[in-house]
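K.L.:
Numbering (the numbering used here), first residue to last: 9 to 94.
1. Leaving out five residues on either side along the sequence, give the residues of the same chain with a beta carbon under 8 Å from the beta carbon of residue 75.
2. Given a cut-off of 8 Å on the beta-carbon distance, is the pair residue 48 and residue 20 in contact?
3. If you follow the alpha helix (DSSP H) that residue 22 is part of, which residue opens it and which one closes it?
4. Taking residue 23 as the reference, which of 45, 61 and 81 has the closest Cα?
5. Where residue 93 and residue 26 are concerned, what is the direct C-alpha to C-alpha distance, given to the nearest angstrom?
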């Protein structure tokens with residue numbers, strides 16, 4: 009049962025909590041202010057970030073695959089569960 013974890017806030021404690029529950033088949037997407045946490049993320053799970061959110065915040069992305077809004081919609085449909093961390 010793959011889960012899509014949506015990180016939407018820049019609170020550092022969220023990543024610690026997420027790292028305790030994530031499985032190897034899960035994916036993580038960083039959205040909005042959650043993109044500020046990309047540099048703190050080190051797990052090897054499938055990691056994504058919204059292209060628009062990165063650009064709006066002037067962030068360089070070296071950790072995640074940049075995706076579009078349509079890609080994000082498709083991801084929510086292809087995962088059994090979606091959990092939002094905020």
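From the three backbone atoms N, C-alpha and C, an ideal C-beta is built for every residue, glycine too.
P.N.:
With the structure as the only source:
1. 37, 56, 57, 58, 59 and 83
2. yes
3. 20–29
4. 45
5. 8 Å
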